[in-house]
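Residue numbers (full-length UniProt numbering), protein chains in the order written: chain A, 1 to 222; chain B, 1 to 531.
To keep things clear, I will list the structure first and then write my remarks on it.
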């Protein structure tokens with residue numbers, strides 16, 4: 001059988017930190033971002049929350065959540081995210097490399113109420129660190145944070161794991177929108193900084209931390 | 001699927017980030033709303049500073065839904081109550097209503113958000129474009145069309161019109177390749193490289209030619225030329241190249257076809273797709289079945305994308321219908337989302353039904369003979385390609401033969417050939433039901449009830465022998481023993497479109513005298529063409 005894994009998708013640029021799109025002098029930096037994580041942890045909900053935000057809540061209905069795009073501006077630089085959802089079920093695990101190949105950013109999602117999903121997320125992270133682009137910006141996102149009143153005990157391991165592997169760590173809630181936009185903004189900033197010649201290694205991402213407001217009430221279930 | 005981002009190609013947005021960066025940054029700093037007229041509405045309008053300032057809105061100190069333009073307190077823009085339109089009012093020469101097409105959120109240096117609204121047309125008036133500019137834009141739009149790729153003849157038409165002499169030379173090169181080059185399955189890379197060289201050389205000539213001939217006019221960009229030339233060159237030698245690819249991937253194509261047979265009649269819910277998404281997808285099946293007939297890699301790639309778009313749209317309609325009639329689903333948040341976990345198995349069923357004989361070859365062709373630089377929305381195409389690859393790999397690596405076994409056990413229809421074979425067996429073995437050695441078509445265990453039914457059928461068939469002897473051409477006029485429904489069905493050579501929701505329904509009682517006697521039979525075997 002032909003080795004389907006060996007070939008790159010058309011137009012993908014393995015190892016690149018994204019590409020530029022658009023005509024004229026100003027080109028939006030285009031970032032392929034993959035969402036990884038166990039089935040049911042809320043990968044697509046995070047993407048939809050980021051892409052649709054509040055605008056579509058009263059707008060048209062859409063069910064497609066496998067491929068989404070959104071452009072944001074980071075420090076005056078337009079960054080277009082191409083968000084690729086990946087299948088989370090175990091039976092599709094072997095297909096994931098096709099999706100994350102060449103991606104400069106990944107958001108690995110787990111459910112803070114489900115310890116198994118956290119273990120699977122750590123597996124994904126290890127796989128990305130081994131297989132994917134060395135410059136890949138990886139976010140570890142503990143989703144459904146609105147469902148637990150105090151996440152300090154649950155996120156300790158995750159925070160430690162993120163620090164050890166130089167990941168961006170965030171607790172998110174696709175339901176309330178908590179930190180969802182922030183993680184994409186932070187990814188955008190890191191990617192934008194990667195363009196600068198002085199930032200060339202993985203240390204660049206380790207310095208980015210989401211500012212968590214003390215006593216924040218964002219987690220309160222709406 | 002989300003379309004290309006308007007901001008990527010918008011010249012107004014582009015000017016904001018270059019010529020008027022100071023204005024744009026000032027607006028960001030104060031979190032003002034930036035209105036971006038969509039690219040197609042801009043025409044040849046001059047993006048002046050005044051024009052830019054008119055499209056940056058600051059909130060009115062008086063009313064929440066009212067805005068003032070950046071530099072003028074006399075020009076007022078109202079946000080309509082529905083939140084989807086802007087209305088220009090005082091201070092504008094031609095007050096009008098402008099639709100908001102989409103809303104983006106930008107962040108300034110302090111991470112504070114500001115709104116970017118993509119609007120239907122400029123808030124101010126603009127001049128008309130010239131006919132030559134309109135024509136050039138029309139050509140560019142055809143090349144950049146997200147939904148359709150140009151065919152070989154269309155590419156030739158555009159290129160010949162613009163670069164007649166270069167095209168004559170190009171045709172000679174293509175003819176030489178066609179006549180003298182032997183495409184070897186083990187050296188496909190070389191064939192691809194040669195075609196790419198031919199194409200690149202022609203693009204360079206066209207660019208030089210364009211500079212000489214069309215000074216002062218906009219002409220096709222390198223990306224547009226690359227796309228056109230690739231489609232023209234590769235499409236021109238398609239038959240020769242694709243034949244070699246099919247030879248190279250014969251085993252894969254065969255394996256995939258075998259899997260399709262195993263998946264015959266299997267609906268998405270059988271592959272663990274949630275019930276909400278399990279609906280007939282005839283549009284997608286027909287679309288994908290067309291892929292073999294297309295010639296250029298881009299045409300085929302667009303075909304894959306259209307197939308996925310068809311799936312999404314059909315399922316969306318199905319879910320919305322279900323949602324509207326279901327009392328259990330109350331808010332839009334309860335509507336299930338189509339993720340990759342669902343899309344892959346759904347695509348597997350569509351591939352199985354479309355019965356593409358060379359899907360693996362087609363995908364190899366797309367991947368290896370499409371090199372033109374990315375323009376516009378190519379990442380959506382990339383995503384579709386990867387999803388197809390994932391579905392195909394999943395098919396290749398998964399054993400679906402249990403569906404075949406299961407199907408043979410619960411088969412609801414039997415073919416005419418099987419019926420005749422069975423009746424022949426029954427006749428040969430006499431009338432004693434206990435001694436009949438009838439078997440299900442795959443040689444499984446004897447079925448006594450089936451034997452009994454076959455005997456009855458055999459007797460009836462013997463009573464109406466003429467049915468089998470009449471020529472096929474007259475079948476429409478015939479009164480078949482299997483009813484009019486059977487007569488109108490043609491042998492399936494193309495895609496199979498299954499209707500999982502309806503296939504379990506009992507057919508209307510239209511059998512007439514022959515099968516009428518079986519209507520209430522516990523056997524419940526329907527007759528006619530096997531699907």
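From the three backbone atoms N, C-alpha and C, an ideal C-beta is built for every residue, glycine too.
All values reported here derive from a predicted model rather than from experimental measurement.
With which residues is residue i paired in a DSSP beta bridge?
i	result
residue 142/A	110/A, 171/A
residue 81/A	31/A, 70/A
residue 105/A	33/A, 137/A
residue 105/B	115/B
residue 86/B	79/B, 98/B
Check whether the Cβ atoms of residue i and residue j sit closer than 8 Å, and answer yes or no.
i	j	result
residue 79/B	residue 36/B	no
residue 308/B	residue 387/B	yes
residue 158/A	residue 136/A	no
residue 70/B	residue 119/B	no
residue 140/A	residue 108/A	yes
residue 532/B	residue 279/B	Residue 532/B is absent from the structure shown; chain B starts at 1 and stops at 531.
residue 49/A	residue 177/A	yes
residue 66/A	residue 38/A	no
residue 291/B	residue 300/B	yes
residue 28/B	residue 114/B	yes
residue 47/B	residue 32/B	no
residue 296/B	residue 152/B	yes
residue 242/B	residue 365/B	yes
residue 310/B	residue 284/B	yes
residue 44/A	residue 337/B	yes
Since residue i is in the beta strand (DSSP E), which residue starts that stretch and which ends it?
i	result
residue 30/A	28–37
residue 347/B	Unbroken run through residue 347/B is the alpha helix (DSSP H), 340–354; no beta strand (DSSP E).
residue 35/B	33–37
residue 66/B	66–69
residue 58/B	56–59
Quick one: what does DSSP say residue i is sitting in, helix, strand or coil?
i	result
residue 175/B	helix
residue 182/A	helix
residue 436/B	Confidence at residue 436/B is low in this model, with a pLDDT of 33, below 50, so its placement is unreliable and the value that follows should be read with caution. In this structure, residue 436/B counts as coil in the three-state DSSP scheme.
residue 188/A	helix
residue 55/A	Reliability fails at residue 55/A, whose pLDDT of 40 lies under 50, so the model's placement of it is uncertain and no value is given.
residue 265/B	coil
residue 64/A	strand
residue 194/B	helix
residue 279/B	coil
residue 322/B	helix
residue 404/B	helix
residue 562/B	The structure shown has nothing for residue 562/B, since chain B only spans 1 to 531.
residue 159/B	helix
residue 48/A	helix
residue 312/B	helix
residue 28/B	helix
residue 120/B	coil
residue 18/B	coil
residue 176/A	coil
residue 399/B	coil
residue 165/A	coil
residue 5/B	coil
residue 153/B	helix
Taking the alpha helix (DSSP H) that residue i belongs to, which residues open and close that run?
i	result
residue 122/A	115–131
residue 282/B	282–289
residue 262/B	250–262
residue 98/A	96–100
residue 10/B	Here residue 10/B belongs to no alpha helix (DSSP H), and DSSP marks it neither H nor E.
residue 89/A	Element bounds for residue 89/A: n/a, residue is neither H nor E.
residue 296/B	No alpha helix (DSSP H) holds residue 296/B; DSSP gives it neither H nor E.
residue 186/B	Counting along the chain, residue 186/B falls outside any alpha helix (DSSP H), and DSSP gives it neither H nor E.
residue 235/B	222–236
residue 361/B	359–368
Near-chain B residues of the stretch 106–128 of chain A (beta-carbon distance less than 8 Å), N- to C-terminal order: Using a CB distance below 8 Å, no part of the stretch 106–128 of chain A faces chain B.
Interface positions of the stretch 102–114 of chain B facing chain A (Cβ-Cβ less than 7 Å), listed along the chain: Cβ contacts with chain A come from 103, 104, 105, 106, 107, 109, 111.
Against chain A: residues of the stretch 24–46 of chain B by CB proximity under 8 Å: Cβ contacts with chain A: 24, 25, 28.
Under 9 Å (Cβ pairs) to chain B, residues found in the stretch 161–185 of chain A: Within the stretch 161–185 of chain A, contact with chain B at the beta-carbon level (separation under 9 Å) is assigned to 175, 181, 182, 185.
Contact list for the stretch 82–97 of chain A against chain B, Cβ threshold 7 Å: 82, 84, 85, 86, 87, 88, 89, 92, 95
Contact set between the stretch 304–318 of chain B and chain A, restricted to residues whose Cβ is under 8 Å from the partner: Taken in chain order, the members of the stretch 304–318 of chain B whose beta-carbon sits within less than 8 Å of a beta-carbon on chain A are 312, 315, 316.
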